[in-house]
Every structure is written in C-alpha cells, then in structure tokens.
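Notes for the one structure printed next.
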Amino acid sequence: MAFEGLADRLQDTIKKITGKGKVSEQDVKEMTREVRLALLEADVNFKVVKDLIKRIKERAVGQEVMESLTPGQQVIKVVKEELTELMGGEQSKIAVADRSPTVIMMVGLQGAGKTTTTGKLANHLRKKHNRSPLLVACDVYRPAAIKQLETLGQQLDMPVFSKGTDANPVDIAKEAIDKAKEDHNDYVIIDTAGRLHVDSDLMEELDQIKETVNPNEIFLVVDAMTGQDAVNVAESFNEQLDVSGVVLTKLDGDTRGGAALSIKAVTNKPIKFAGMGEKLDQLEPFHPERMASRILG
Ligand code: GDP
C-alpha cells in the first residue's frame, strides 16, 4: 500500500513529540527536520517540501495554546492541516453540464491506466450518481485499446461508441456526443490515445478534440508508481491542455506517495480520484484529509 514508508517514519517522529507538555523551538526544529527527510525520501518534490516545512515552522512556533491538546499534539495538528492543504484541501466534485450530456475527456500516457479508469469512472457515475454514461473509443492507433474499452463496456453493460481505427478521433468524439443526445446518455467519457512519452503530435490531437467538444472536465490519468515522472507528466499535460483534475492510479502499489503529495502543489489542479486496484469498483474519490490522516496515523 502507498505511503507505508512515509507513514512509518512520520509516526515515529510523532510519537516522540505527542506527549510533550512543552515544545521548544529546538523540538520543532528537530521534528520538521524529520518530516523534511521523510517527505524527500517519499519522493516529494524538493521545492514542495521546502515550502511546506517553512509553513509548518511558522505556524508551529509560537502558536496559540489550545487547552484540549498538548503542545506536542498541536504541532502534529499543524502538520496534518498543512499536508491536507498540500493535497488540495477540500475534496473536489465532478462537473455537471447545464445541458446534458456532461463531457469528460480522459488523457494520459500509455499504460497509466486511462482505459481502465474510463470504465471505473463510468461505473462510479452509474453506481453513486445514478448516471448513464456513453464510453467513447478515440484511441484509433491501437486496435487493442478499442477492444479493451469494448470489453469493459460489455462487463459493465454500458454502450461504447467506436468507429474502428480508420476514423478521425475528432470526428468520433463529435459524433459520439450527438449519439449520446439521441440515446439520452447524460455523460460522455472519451478515452483518448496515449503515447509512451509526451509528444507534440499527441498534444495537437488532444487539443483539437478539446476545442471541438469543449469538455466539462479533462481528467489526466497518471501512474502514482512513477513518482517524480508522474509530476513532470502532469506538468506538461497541464501546460498544453489546462486539465481540470488528476486521477492518480495504482495507489494500491508500493508507491512512495510523492506524486500524490506534489501534483496539486506543482500543477494547482486537484486530484479527483485514486485508483486502488485493477477491478472496476476500485476507484475512490480522493479525500485529502483522509489521506493525510492515513499518513500520520
Ligand atoms: P492505458 O494504456 O493508460 O489505457 O492503461 P490501461 O487502462 O490499459 O492500464 C494499464 C495497466 O494498469 C492494466 O494492467 C491495468 O489493469 C492496470 N491498472 C490501472 N489502474 C490501476 C490501479 O489503480 N491499480 C492497479 N494495481 N493497476 C491498475
């Protein structure tokens, strides 16, 4: 499970400080040093760590005394609040279009989990929000990707719009929206092509789809296991497409968690969902506060 190393280290540090009746500047210094090392070890972006530690120090030294907490507990509360804020503060919601259908475009590198997440998201929308999505196969370069989405559609008993590998992805997306209107599907989830690396042809195509369908959400799917690379990928996609949110996949793996802790700070875009396994029901809305609690124990 993600964050184990980080959680272990921080919990040790916390144990040392929790019981303290008095917290000196030296204690805060030692603790922030430990927090800093733990975060860097968890592969959190260097600048993100620096800013975070600065804020923790400012707040932890000379703060108001609350009667219900020991000074040690108060310092920990500050760390938890700052970690929560770092990951986006409030949990964010999925957009709903004024006029149906709501269009969601899924983007990301090949292998990040885009197609799987398309199916998971459709399942989530139906189960939790009573919606009826149409899935759209716009990855015309890989027949296997179209087949994969069609198989997911069968498993979920949901319609999939595809036109094989000869059609233009922009046209497919446009036609899919007309089809959704005809069939009263209230969400359209477009699975776009991915590449092994960020490249300008891919971005150009995604940008054209974006301009044509004017999506309500653009979800960038990134693989949490790739650490700092995930953060760099998120930065490039966001620069090119101005995405609306991030889905972090494979948080069930033994990732060090740095991506989850850096992406919001670096892109200023919220993490909306976390992928917690390969199955279609293993997608969870991302709750920054719950995640911070999990890390701090
Ligand atoms: P795409 O190329 O971006 O469309 O990626 P796929 O959807 O084909 O996923 C690539 C691999 O990652 C597949 O084997 C998925 O089962 C797996 N995968 C996707 N999301 C998760 C997740 O949250 N956890 C785990 N453990 N595996 C995942």
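Going by the UniProt record's numbering, the sequence shown opens with residue 1, and the numbers climb by one from there. Ideal Cβ placement from N, Cα and C applies to all residues, glycine included. Note that the structure is predicted; figures quoted are calculated from it, not measured.
Cross-strand partners of residue i (DSSP beta bridge)
i      : result
Phe273 : Val247, Pro285
Thr165 : Lys163
Where the beta strand (DSSP E) through residue i begins and ends
i      : result
Met105 : 102-107
Phe219 : 217-223
Unbroken alpha helix (DSSP H) run spanning residue i, endpoints
i      : result
Ala95  : No alpha helix (DSSP H) holds Ala95; DSSP gives it neither H nor E.
Val170 : 169-183
Val213 : 200-213
Asn123 : 114-129
Arg59  : 46-60
Gln110 : Neither: Gln110 is in no alpha helix (DSSP H) and is coded neither H nor E.
Asn232 : 228-241
Thr84  : 71-86
Residue i versus the options, residue with shortest Cα-Cα distance
i           : options                        : result
Glu85       : Arg55, Leu109, Val61           : Arg55
Asp183      : Asp157, Gly21, Leu134          : Leu134
Arg256      : Glu90, Asp43, His124           : Asp43
Val48       : Met87, Asp199, Pro285, Pro169  : Met87
Ala60       : Leu296, Gln26, Gln148          : Gln26
Lys269      : Gly89, Ile172, Gly258          : Gly89
Leu206      : Asp242, Thr267, Val222         : Asp242
Leu261      : Arg131, Phe286, Phe237, Leu280 : Phe286
Asp186      : Gln208, Arg126, Asp171         : Arg126
residue 320 : Lys147, Ala145, Asn238, Val140 : Look at the range of the chain in this structure, 1 to 297, and you will see that residue 320 is not part of it.
Ala137      : Gln208, Ile172, Gly297         : Ile172
Ser293      : Phe237, Gly21, Glu284, Glu82   : Glu82
Residue i in three-state terms, based on DSSP
i      : result
Glu278 : coil
Asp191 : strand
Leu135 : strand
Val28  : helix
Met291 : helix
Arg9   : helix
Val23  : coil
Asp186 : coil
Leu196 : coil
Gly257 : coil
Thr18  : helix
Gly153 : helix
Ala38  : helix
Arg142 : coil
Review point. Would you call the stretch 173-193 and the stretch 110-121 in contact, with 3 or more CB pairs under 8 Å?
Key: yes
Exercise for review: Taking 8 Å as the threshold, find out whether the stretch 91-100 comes into contact with the stretch 208-224 through three or more Cβ pairs.
Suggested key: Taking 8 Å as the limit for Cβ pairs, the verdict is that the stretch 208-224 does touch the stretch 91-100.
Practice item. Could you tell me whether the stretch 160-176 touches the stretch 219-228, using the rule of 3 or more Cβ pairs below 8 Å? Key: Too few Cβ pairs lie closer than 8 Å, so no.
**Study point:** Three-pair Cβ contact test at 8 Å for the stretch 269-277 versus the stretch 239-251
**Key:** yes
Review point. Does the stretch 177-189 touch the stretch 139-154, meaning 3 or more C-beta pairs lie closer than 8 Å?
Key: With a cut-off of 8 Å on Cβ pairs, the stretch 139-154 is not in contact with the stretch 177-189, counting fewer than three such pairs.
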